[in-house]
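First the structure, in the form of structure tokens, and then the observations on it.
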Amino acid sequence: MNPDVYRAPVGTHDVLPPDSERWMRVVATFADRAVRFGYGLVLTPVFEHVEVFQRVGASTDVVRKEMYELTDKGGRNLALRPEGTAPVVRAFVQHHPAVPWKVWYLAPHFRYERPQKGRYRQHWQLGAEVMGVDDPDVDVEVIALAHGFYRDLGLTQVRLQINSMGDAESRPAYVAALRDHLRTAGAGLGEEFLARVDQNPLRVLDAKVPDWQPVIDAAPHLADFLSPAAAEHFARVRAGLDALGIAHTVAPRLVRGFDYYTSTTFEFVSDALDAAQNAVGGGGRYDQLAEDMGGPHTPSIGFGIGIERVLIAAEAEGLLAPDPQRLDAFVVDGIGDGTATAVVAALREGGLRADRAYGGRSVKAQWKLADRSGARFGVMLGTREAERDAVAVKDLRSPEGDQREIARADLVAWLHEHSGGDTP
RNA sequence: GUGGCCGUAGCUCAGUUGGUUAGAGCGCCGGGUUGUGGUCCCGGAGGUCGGGGGUUCGAAUCCCCUCGGUCACCCCA
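Numbering of the first sequence is given in the numbering used here, commencing with residue 1174 and proceeding in unit increments.
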């Protein structure tokens, strides 16, 4: 198989029918909910100036080694979007819309890493952001938006974990205490450990290395360092979730991957995923990010949901099976004089899903295609029926192949009446 | 970036201690019904055995390299 270049690049995938149908349903489910919550769609470029993403955090892997960077012909340093929040914040700072700015997005994301189950170089995320409001009610609303999305899809094994990173006042105190603890208690754990402590001690908390666990377990808890304001915010978020009946657990070690998070952070994990990556969505507050990009102080919160992971989770739970009935009618041309073109056009203009065969295939071959098309009815254009301005309509779902004659003038109405039901 | 496993028709896979024109099922196309599918029967198309090099009289089968897939680590949706 010649040139390996004529195939999707490593870590990318084509999505073909009928699989793409599941994508449409996932996106439609999210979009419907986002619109009901009062969020507007925001579309930002696939690439940005690298500085936009460097705000995500110099110590994060996403910035250090996973960015798809490129230089364009004008010498600009650009990067393909590795995460969804930074571009939205950049757009906010650029256009200064009125707050609260409530937006949702659907966008491809890129990270240069070796692919594995649930992790790809190009993946898609659905997300939502609310900018300009500090109210814990917003935290609750944003979390409820994501939570409701999973529920709408029918996912039952998705759990919500939340934590608080503290505010500008409490977080530095905690990070300092944590660093002290890790340096002394973990002095003998090797260079990699110490390097990570220096870079970002928070990232040690969710490490999987077994040898590190005792030191991590003994680490101070962020909850003990929260300022009164941060503690109250967190308590009100939790109370709000309780009031809406949204089950959640507090995960003290949940720090998430980006440096910009403050205050509330959360993650949705699926127990249906046996894969190493079981997070199907996550997000949090980023009260300083807009300011860091030169904008006004703008407390904000948002999340991203990985579509590929949601689909894996949905499949594991037996959801999103393809719709067996893709068409209302398949037209079989037994005349060959152009009538078929007119009939198919009439059905489609009449709001029905209709298709046909091409290339002058035999009637038998056309019926085979009709069967495989997933159509509810086969519409036969035959010379005998044509003499009476009629067509023969056959129920392709019936084992007996029930067939009847319908006047052409009544065809659209008849199909509308019967294609949705069980039996004509 | 590191490691394990894998790479034969569109798909899922067989291919004996290396030995003649590389097979099956499903799918696809055609015929059996000069106007009827889904069952059944018959026939057909489709593969430089991922690619390159080497060993050998001879390689899908052995060796090396390379590309790709997959899973895991790091990290993350």
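Ideal Cβ placement from N, Cα and C applies to all residues, glycine included.
Computed from a predicted model, the values in this text were never measured in an experiment.
>> Counting C-beta neighbours from all protein chains within 10 Å, is the total for P1469 16 or more, i.e. buried, or is it exposed?
In response: If you number the first sequence from 1, residue 1469 lands on position 296. Under this definition P1469 is an exposed residue.
> Which runs of the beta strand (DSSP E), 3 residues or longer, sit entirely within the stretch 1301-1365?
Replying inline: Correct list: 1331-1337.
> beta strand (DSSP E) containing F1210: first to last residue?
Replying inline: By 1-based counting over the first sequence, the position of residue 1210 is 37. In this chain, F1210 is not harboured by any beta strand (DSSP E), its DSSP state being neither H nor E.
>> Please return the same chain residues whose Cβ sits closer than 6 Å to the Cβ of A1527, not counting the five positions on each side in sequence.
In response: On the first sequence, residue 1527 is found 354 positions in, with the first residue counted as 1. Result list for A1527: A1502, V1517, L1520 and R1521, in chain order.
> Span of the beta strand (DSSP E) holding G1475?
Replying inline: Taking the first sequence and counting its residues from 1, the one referred to as residue 1475 is at position 302. Its beta strand (DSSP E) spans residues S1473 to G1479.
> Hey, is the stretch 1308-1326 in contact with the stretch 1499-1514, meaning 3+ C-beta pairs nearer than 8 Å?
Replying inline: Touching, no, given that fewer than three Cβ pairs across the two stretches are closer than 8 Å.
> Among the residues of its own chain, which have a CB less than 6 Å from the CB of S1592, if the five just before and after it don't count?
Replying inline: Sequence index remark: in the first sequence, residue 1592 carries index 419 (1-based). Closer than 6 Å at the Cβ level, and outside the excluded window around S1592, lie D1501 and R1549.
> Taking contact to mean at least 3 C-beta pairs separated by less than 8 Å, is the stretch 1430-1438 in contact with the stretch 1457-1464?
Replying inline: Cβ pair count under 8 Å is three or more, so yes.
> Rounded C-beta distance between L1214 and W1297? I'm assuming under 8 Å.
Replying inline: On the first sequence, residue 1214 is found 41 positions in, with the first residue counted as 1. On the first sequence, residue 1297 is found 124 positions in, with the first residue counted as 1. Contact doesn't hold; Cβ gap of about 15 Å is too wide.
> Starting from H1268 and walking both ways along the alpha helix (DSSP H), at which residues does that stretch end?
Replying inline: Taking the first sequence and counting its residues from 1, one reaches residue 1268 at position 95. Taken as a continuous stretch (DSSP letters only), the alpha helix (DSSP H) holding H1268 covers T1258 to H1268.
> So, are the CB atoms of L1253 and D1245 less than 7 Å apart?
Replying inline: One-based indexing of the first sequence puts residue 1253 at position 80. One-based indexing of the first sequence puts residue 1245 at position 72. For the 7 Å CB-CB criterion, L1253 and D1245 do not form a contact.
> Taking the alpha-carbon positions, what's the A1204 to E1286 distance?
Replying inline: Counting from 1 along the first sequence, the entry for residue 1204 is found at position 31. Counting from 1 along the first sequence, the entry for residue 1286 is found at position 113. Cα-Cα distance, rounded: 29 Å.
> Quick one: Cα of R1581 to Cα of A1563, how far?
Replying inline: The count along the first sequence starts at 1 and reaches residue 1581 at position 408. The count along the first sequence starts at 1 and reaches residue 1563 at position 390. C-alpha separation (whole angstroms): 5 Å.
> Alpha carbon to alpha carbon, what distance is there between R1570 and D1583?
Replying inline: As a first step, residue 1583 must be located in the first sequence, where it is residue number 410. As a first step, residue 1570 must be located in the first sequence, where it is residue number 397. Approximately 21 Å, taken between the alpha carbons.
> Do you know whose CA, among D1496, T1514 and R1344, lies nearest E1194's CA?
Replying inline: Locating residue 1194 in the first sequence gives position 21, counting from the first residue. The option with the nearest alpha carbon to E1194 is D1496.
>> Between I1480 and the ligand SAM, is there a pair consisting of the residue's CB and a ligand heavy atom that are separated by less than 6 Å?
In response: The model depicted lacks the ligand SAM and carries no ligand whatsoever.
>> Within 10 Å of its beta-carbon, does R1263 have 16 or more other beta-carbons around it, so buried, or fewer, so exposed?
In response: Here residue 1263 is taken as the residue at index 90 of the first sequence, counted from 1. Result: buried.
> Which word fits D1510, buried or exposed, when buried means at least 16 other C-beta atoms lie within 10 angstroms of its C-beta?
Replying inline: Along the first sequence, read from residue 1 onward, the residue named residue 1510 stands at position 337. Label assigned to D1510: exposed.
>> Taking the straight line between their C-alpha atoms, what separation do you get for T1514 and E1560?
In response: In the first sequence, the residue the question calls residue 1514 occupies position 341. In the first sequence, the residue the question calls residue 1560 occupies position 387. Counting only the Cα atoms, E1560 lies some 18 Å from T1514.
> For L1542 versus D1506, is the C-beta spacing smaller than 7 Å?
Replying inline: Translated into positions along the first sequence, residue 1542 becomes position 369. Translated into positions along the first sequence, residue 1506 becomes position 333. No, the pair does not count as a contact, with Cβ atoms beyond the cut-off.
> Looking only at its own chain, which residues have a Cβ that is under 7 Å from the Cβ of V1536, when we skip the five neighbours before and after it?
Replying inline: For the purposes of this step, residue 1536 is identified with residue 363 of the first sequence, where counting begins at 1. Same-chain partners within the cutoff: V1505 and G1507.
> What residues match up with K1567 in a beta bridge as DSSP calls it?
Replying inline: As a working note, residue 1567 is residue 394 in the first sequence. According to DSSP, K1567 shares a beta bridge with G1551 and Q1576.
>> Let me check understanding here. Comparing Cα to Cα, which of R1409, D1353, G1305 and P1374 lies closest to I1335?
In response: By 1-based counting over the first sequence, the position of residue 1335 is 162. Residue nearest to I1335 within the set R1409, D1353, G1305 and P1374 is R1409 (criterion: CA-CA distance).
>> If I follow the unbroken alpha helix (DSSP H) through E1590, where does it start and stop?
In response: In the first sequence, residue 1590 corresponds to position 417, counting from 1. E1590 -> alpha helix (DSSP H) spans L1584 to H1591.
> Is F1283 helix, strand or coil by DSSP?
Replying inline: Position 110 of the first sequence, counting from 1, holds the residue named residue 1283. Three-state result, F1283: strand.
> Taking the DSSP output, what are the residues bridged to E1440?
Replying inline: Along the first sequence, read from residue 1 onward, the residue named residue 1440 stands at position 267. Partner residues in the beta bridge of E1440, as assigned by DSSP, are Q1334 and G1455.
> Got a sec? Which residues, its chain only, sit under 7 Å from R1180 by beta carbon, not counting five neighbours each side?
Replying inline: As a working note, residue 1180 is residue 7 in the first sequence. None.
> Would a C-beta distance cut-off of 7 Å place R1284 and P1255 closer than the cut-off?
Replying inline: In the first sequence, the residue the question calls residue 1284 occupies position 111. In the first sequence, the residue the question calls residue 1255 occupies position 82. Note that the C-beta distance between R1284 and P1255 is below 7 Å.
> Which parts of the stretch 1496-1525 are runs of the alpha helix (DSSP H), unbroken and 4 residues or longer, counting only runs that do not cross its ends?
Replying inline: DSSP assignment within the stretch 1496-1525 yields the following whole alpha helix (DSSP H) runs of 4 residues or more, N-terminal first: 1512-1522.
> Where V1236 and A1350 are concerned, what is the direct C-alpha to C-alpha distance, given to the nearest angstrom?
Replying inline: In the first sequence, the residue the question calls residue 1236 occupies position 63. In the first sequence, the residue the question calls residue 1350 occupies position 177. Per the coordinates, the alpha-carbon of V1236 lies some 26 Å from the alpha-carbon of A1350.
> Along the chain, where does the alpha helix (DSSP H) that runs through T1407 open and close?
Replying inline: Here residue 1407 is taken as the residue at index 234 of the first sequence, counted from 1. As written in the sequence, residue 1407 is Phe, which differs from the Thr given in the question. For F1407, the enclosing alpha helix (DSSP H) starts and ends at P1401 to A1416.
> Are V1219 and I1480 close, meaning C-beta to C-beta below 7 Å?
Replying inline: Here residue 1219 refers to the residue found at position 46 when the first sequence is read from its first residue. Here residue 1480 refers to the residue found at position 307 when the first sequence is read from its first residue. In this structure, V1219 keeps its C-beta atom at 7 Å or more from the C-beta atom of I1480.
>> Whole angstroms are fine: how far does the CA of I1485 sit from the CA of S1443?
In response: As a working note, residue 1443 is residue 270 in the first sequence. As a working note, residue 1485 is residue 312 in the first sequence. Roughly 10 Å between the two C-alpha positions.
> Can you name the residues that DSSP bridges to T1422?
Replying inline: Position 249 of the first sequence, counting from 1, holds the residue named residue 1422. Beta-bridge pairing links T1422 to Q1334.
>> Would you call the stretch 1300-1317 in contact with the stretch 1399-1419, where contact means no fewer than 3 C-beta pairs closer than 8 Å?
In response: Put simply, the stretch 1300-1317 touches the stretch 1399-1419. At least three CB pairs are less than 8 Å apart.
> Quick one: any contact between the stretch 1312-1322 and the stretch 1345-1360, if contact means 3 or more CB pairs under 8 Å?
Replying inline: No, the stretch 1312-1322 is not in contact with the stretch 1345-1360.
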